[in-house]
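Residue numbers (the UniProt record's numbering): 1 to 384.
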């Protein structure tokens, strides 16, 4: 299989698995226990906390381990609502991940107000609309996706944070596609909260982290045993935490140069299929993500054909794979449902190889020609 769906999840790095395996077998102590086994687990967990903090430019006490970005987003939204009940306004963008969209729907259902900021045709946030939407003294939280999971568009988070803080609002960055792929420094960007998941950066699923600035208020979502300095109760997932620490160390000390593979993929597809459209080419994008429109081709059929040929990719967000609804991200950028239904997302990771790209491109081109021939008998399909 050639795996081009890293934005959905990444294959675990062998070095990450090697680091965590001892904590699934001989080092199984509860990190809250006072005996030697517990202390060993605690030390490993705190080392991982330091590794994660170093990756994003934070201090170790500002890191809370969670089950992943969805839990972290829920925690931040509920904390902001409880901290400032007299500030009803939440601001998000029109291209958010479903986790934020659903939290926003709950915010509104519980009596709050939500403003969704539009994006331009290239996917970048309308900053003038954001500035107009901010209401000093009424805005509790600005919560936005830093790098889009479908198009890879990178928003100007430092500028967003500065505007929000001018209005007295707290700022949360959903960095699930950003951390481990691009340099991140939470203090220079100026966000109050930042969330991400380990399985987007080569750990097993079920572990993530939440940055909470020393200067930001926070009320825990999960209470009970008082773990994580009483900010996230529950027995710690030490193997997952160790894995996240190792993944953070690898991302910081051995950053992968994925952009040449990403550019080669797009260049070869455009050379063979000049009619295709690569979304958001004029905007800053992740070096891992390509959202590509194939005119006259049904994306669902294309996905099936590619899967049969050993190419794994997606039609958009993995969270909506079973949904019949078109991409709300592409719709927010001005595209219609028909356009979205002919779009694929191809996403690479640090484990992608140069040898995979020409083979994947060849299979994609062949699949596109094959499907077009099904609808147009005049099209001659040449077999490689």
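Where a beta carbon is used, it is the ideal one built from N, C-alpha and C, also for glycine.
Heavy atom of the ligand ZN within 8 Å of residue i beta-carbon
| i | result |
| --- | --- |
| residue 181 | Ligands displayed in this structure: none; no statement on the ligand ZN is therefore possible. |
Where residue i sits in the DSSP three-state scheme
| i | result |
| --- | --- |
| residue 289 | strand |
| residue 321 | With a pLDDT of 47 at residue 321, under the threshold of 50, the predicted position of this residue should be treated as unreliable, and no value is reported. |
| residue 1 | coil |
| residue 364 | helix |
| residue 166 | helix |
| residue 245 | helix |
| residue 182 | strand |
| residue 93 | strand |
| residue 329 | helix |
Where the beta strand (DSSP E) containing residue i begins and where it ends
| i | result |
| --- | --- |
| residue 211 | 208-212 |
| residue 347 | 343-347 |
| residue 127 | Run containing residue 127: none in the beta strand (DSSP E); it sits in the alpha helix (DSSP H), 127-133. |
| residue 173 | 170-174 |
| residue 143 | 139-145 |
| residue 23 | Element bounds for residue 23: n/a, residue is neither H nor E. |
| residue 258 | Element bounds for residue 258: n/a, residue is neither H nor E. |
9 Å Cβ cutoff met for residue i and residue j
| i | j | result |
| --- | --- | --- |
| residue 10 | residue 90 | no |
| residue 95 | residue 329 | yes |
| residue 315 | residue 372 | no |
| residue 385 | residue 211 | Residue 385 falls outside the range modelled here, since the chain spans only 1 to 384, and no answer is possible. |
| residue 256 | residue 345 | no |
| residue 360 | residue 311 | yes |
| residue 236 | residue 31 | yes |
| residue 16 | residue 265 | no |
| residue 227 | residue 200 | no |
| residue 143 | residue 172 | yes |
| residue 335 | residue 347 | no |
| residue 44 | residue 53 | no |
Extent of the continuous alpha helix (DSSP H) to which residue i belongs
| i | result |
| --- | --- |
| residue 115 | Element bounds for residue 115: not the alpha helix (DSSP H) but the beta strand (DSSP E), 113-117. |
| residue 9 | Where residue 9 is concerned, there is no enclosing alpha helix (DSSP H), given that its DSSP letter is neither H nor E. |
| residue 97 | No alpha helix (DSSP H) holds residue 97; DSSP gives it neither H nor E. |
| residue 223 | It is not in any alpha helix (DSSP H) - residue 223 carries neither H nor E in the DSSP assignment. |
| residue 196 | Segment 193-197 is the beta strand (DSSP E) holding residue 196; no alpha helix (DSSP H) there. |
| residue 40 | 36-56 |
| residue 66 | Note, residue 66: premise wrong, no alpha helix (DSSP H); beta strand (DSSP E) at 63-66. |
8 Å contact criterion, which residue i and residue j should meet: CB distance rounded
| i | j | result |
| --- | --- | --- |
| residue 277 | residue 293 | 4 Å |
| residue 79 | residue 218 | 5 Å |
| residue 342 | residue 272 | Not quite, the Cβ-Cβ distance comes to about 17 Å (not below 8 Å), so this is no contact. |
(message) Does the structure place the segment 88-100 close enough to the segment 236-250 that three or more beta carbon pairs sit under 8 Å?
(response) no
(message) Using a Cβ distance threshold of 8 Å, determine whether the segment 274-289 contacts the segment 140-156, with at least three qualifying pairs required.
(response) yes
(message) Does the structure place the segment 209-224 close enough to the segment 54-72 that three or more beta carbon pairs sit under 8 Å?
(response) yes
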